[in-house]
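Residue numbers (our numbering): 1 to 972.
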């Protein structure tokens, strides 16, 4: 039986992952500074705050006149005279004197001020949750303590650190895969037989040191069967010790914030923050401030897409709190989400007044293989529990999803749940009187609803959010009903909805989504009364021909999405009255003229007006002329010299496929001073419109498929990304004025002869597939540059059939392995990875994932995803990826906050996967190591295994198939 981790790698468990975090903390403490500094360490329970604080304290305490480390303040201060006890300990630790009589905290803080004032000390205050704890232990420390003193505070509450006005905050990150493996293995002592289960337990712990330690100790010395049994138990309920420690953060919340936390943990993880705030506000909570508190106390995160995110163990802690409300009888709990338990409660009619929320979502219950298959058939970026299931046809009330079961229930099963406020019943067919359903409903989500209209006895008076995608509604209900509280109405993908509702029934509506309602012809005129409407989407409503003029009365509207309304040929004349409009999406419409009031939309930040096949736009000049504010523009001669003005806030402009030609180049875009992104793809001009070079904030320019464009020059100075794929007439490109460029895509610019000002070292991403007319010395210089170290990752794609022969490791097929050199051979400075791919079909091919697999320590990471969408069918292309390495560590996509370390002698495999069949084939691949090793003479570092520049002239472009092959030697 062999241990999975070599003994030389395994370290004392208390120090696993600590060193790097300690160094980061010491940088914040700035030990050399003479001022008094307070630094806070914060994060969720069990993340290692105390461990880091103690490690820092033990390393530097001896450089101070006095030191004190006060642990577990929150818990002990709640005991009788708890703070007095800490005051005595602080004085003793620093002064080494026991004879202090302290009868109150006020007396204690006066003594602390008198006795330690002016001394250079370090104090650790561990697990603080109240300002008074800091006040009674270190008082006004910045004025009391001597120069160079340091105070370290650990807490679960980030906001408390803001109140203290700390000099620095340190958020403890979770452990990466290798650190998790080290810590767990130290405690669990796994064998090779435990390998598969080891990964499952590490995934369950989610990088939380507390969980890794507790579970490792619990599993140590136990059989594989015992490990499997324990994993099954953990999937149903958390480990008791982990639960109790994490629950302390929950216990510190007030009543309303506890409810907010439990609602999110049970129902709303992964949903949009503002959407959840709307629901919870409707329940009577101040949810915005409540969510802020949860974030500050490390119980919740907001991700980059503004969605609610929660560590799995925190989520499970919340769900266990609910489960403990009634261990044996789920129907007596406040929230029900576990599919089998929900079905049991409903089928047995055991619900009760305790139930406040219930989710029955069969999409979650599809087998993993079926979900993957469905996702693959639908496309990238969509999930089964998403409202974006538009690729699936509704047939009655079912979806054609493998394994999806529609539940048939009687309404009377909800009769006892009179306090139900949150309800999701996707793919459920209800029969019976709707009087039985709760009158307290705030959120109703009913995808795949079979009803043709909602019955009158369905009490929805308190409803705030109504989501009914993929339904059979022909109208929302018969007759008139007023829902004063309704703020969000989503009837998207209603394939049978003929007319929109009378909006007088929803006077306070803020979000209206009617996407892909393919039979909907027009909006009800009453929409003008929705004074609070912020977002309106009619995306892909293909039969909508016009919008009511009254839409111009929507004084709060910020987002208007009309994309895919193929028969919509004009916008309301008074559209300019929408003073708050920030985003207008009108792609793939029949719009030929913009209203004269369009230039009044001063707050527009994004416009997208690209055309679609089958619609012949009139001259874009006539459409653009309505944007010109000067009366002189009524004269055609003046119009030629006109400038686009008035759109000072515009950040994004999409004029894709709008038949822009040479005549439109008279229009000057230089007045769009805030423009950050411009898309002029699929247009017919030979040169760029005027003024683009003056757009100082422009960061991205798209010029794809501009087939007549002959050259590009005068680009903005701050341009970062240029897409000019399939500009087949372009011969010259000047980048001299754009030194900030970091991304360049020129695929299939087949006539390109010259690129001026290209700084290969500064651009990490270059695509040049099909640029066959560039001179051979261009490719020579490109490969020479790639063979030298870089501080950043770089990806280059161009035509080719062979791995450059100077690559130190080469292989036939889609994977290759190498061993990490010993330190005497040198440290890896760079990995250069190469793949030769042939493509079997055009279209939306999956990205090519580069997987790096440590075969010695049995873990793998995603190194990079290479976009291959521009590769032509049956073409052969060469992909070169340069990954910088620092001290044998490199960054990966799936764990960007922590480097992956490679140790001497380990076997590393690099493989290429496209997660699809028939798209591409990796026929050859290679890895080249650039090393640094000590110079025997002076101990400096010298490079070797680099590209030999002496062989430049041996490079040549292969004549056959317009592809390029490379020949060089390894520099020995």
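Backbone N, C-alpha and C fix where the C-beta goes; we use that ideal spot for every residue, glycine too.
Just so you know, these numbers come straight off a predicted model, no measurement behind them.
Opposing strand residues paired with residue i [DSSP bridges]
i: residue 837; result: 877 and 922
i: residue 885; result: Partner(s): none; residue 885 has no beta bridge.
i: residue 606; result: 583 and 652
i: residue 679; result: 654 and 702
i: residue 168; result: 39
i: residue 827; result: 932
i: residue 272; result: 307
i: residue 150; result: 37 and 122
For residue j and residue i, believed in contact at Cβ under 8 Å, the rounded distance
i: residue 346; j: residue 413; result: 5 Å
i: residue 137; j: residue 121; result: At roughly 12 Å, the Cβ-Cβ gap does not stay under 8 Å, so residue 137 and residue 121 are not in contact.
i: residue 155; j: residue 129; result: 6 Å
i: residue 829; j: residue 906; result: Their Cβ separation, rounded to whole angstroms, is 17 Å, which puts residue 829 and residue 906 out of contact at 8 Å.
i: residue 153; j: residue 125; result: 5 Å
i: residue 451; j: residue 438; result: So it is not a contact: roughly 18 Å between Cβ atoms.
i: residue 924; j: residue 864; result: That pair is no contact at about 18 Å.
i: residue 544; j: residue 521; result: 6 Å
i: residue 692; j: residue 650; result: Actually they are not in contact, since the Cβ atoms of residue 692 and residue 650 sit about 14 Å apart, beyond 8 Å.
i: residue 735; j: residue 752; result: Wrong, their Cβ atoms sit about 12 Å apart, outside the cutoff.
i: residue 249; j: residue 299; result: 6 Å
i: residue 456; j: residue 480; result: Not quite, the Cβ-Cβ distance comes to about 10 Å (not below 8 Å), so this is no contact.
i: residue 417; j: residue 355; result: 4 Å
i: residue 269; j: residue 317; result: Contact doesn't hold; Cβ gap of about 13 Å is too wide.
Euclidean distance between Cα positions of residue i and residue j
i: residue 86; j: residue 33; result: 28 Å
i: residue 494; j: residue 541; result: 10 Å
i: residue 978; j: residue 160; result: Outside the displayed range of the chain (1 to 972) lies residue 978, so it cannot be described from this structure.
i: residue 381; j: residue 332; result: Low confidence applies to residue 381: its pLDDT is 33, below 50, so where it sits in the model is not reliable enough to give any reading.
i: residue 407; j: residue 585; result: 38 Å
i: residue 723; j: residue 672; result: 20 Å
i: residue 340; j: residue 447; result: 19 Å
i: residue 465; j: residue 434; result: 18 Å
i: residue 20; j: residue 56; result: 11 Å
i: residue 714; j: residue 469; result: 48 Å
i: residue 960; j: residue 876; result: Low per-residue confidence applies at residue 960: pLDDT is 35, beneath 50, and the placement is therefore not dependable, though the value from the model is reported in the following sentence. Looking at the two C-alpha atoms, the distance is approximately 12 Å.
i: residue 854; j: residue 232; result: 28 Å
i: residue 18; j: residue 70; result: 20 Å
i: residue 775; j: residue 782; result: 11 Å
i: residue 111; j: residue 301; result: 41 Å
i: residue 731; j: residue 754; result: 7 Å
i: residue 312; j: residue 773; result: 54 Å
i: residue 266; j: residue 533; result: 29 Å
i: residue 445; j: residue 484; result: 18 Å
i: residue 239; j: residue 189; result: 19 Å
i: residue 642; j: residue 725; result: For residue 642, the predicted structure reports a pLDDT of 38, less than 50, and the residue's modelled location is therefore unreliable. The matter cannot be settled from this model.
i: residue 777; j: residue 749; result: 18 Å
i: residue 683; j: residue 880; result: 32 Å
i: residue 424; j: residue 337; result: 10 Å
i: residue 459; j: residue 252; result: 37 Å
i: residue 811; j: residue 214; result: 44 Å
Element boundaries [beta strand (DSSP E), containing residue i]
i: residue 443; result: 443-445
i: residue 307; result: Segment: none, residue 307 is in no beta strand (DSSP E) and carries neither H nor E.
i: residue 849; result: 848-854
i: residue 912; result: 907-913
i: residue 795; result: 794-799
i: residue 410; result: 407-410
i: residue 107; result: Careful: residue 107 lies outside any beta strand (DSSP E), inside the alpha helix (DSSP H) at 105-116.
Enclosing alpha helix (DSSP H) for residue i [first to last residue]
i: residue 184; result: 177-188
i: residue 1003; result: The question about residue 1003 has no answer, for the chain in this structure spans 1 to 972.
i: residue 243; result: 240-251
Short CB-CB distance (under 8 Å) between residue i and chain B
i: residue 55; result: Here there is only one protein chain, and chain B is not present.
Any non-hydrogen atom of the ligand HEM closer than 7 Å to residue i Cβ
i: residue 461; result: This structure simply doesn't include the ligand HEM, nor any ligand for that matter.
Does the count of Cβ pairs from the segment 18-34 and the segment 59-69 closer than 8 Å reach three? yes
How do the segment 576-583 and the segment 540-556 stand: do at least 3 beta-carbon pairs fall below 8 Å, yes or no? yes
So, do the segment 564-575 and the segment 590-605 have three or more beta carbon pairs nearer to each other than 8 Å? yes
So, do the segment 173-188 and the segment 281-293 have three or more beta carbon pairs nearer to each other than 8 Å? no
Do the segment 762-770 and the segment 732-742 make contact, defined as three or more Cβ pairs closer than 8 Å? yes
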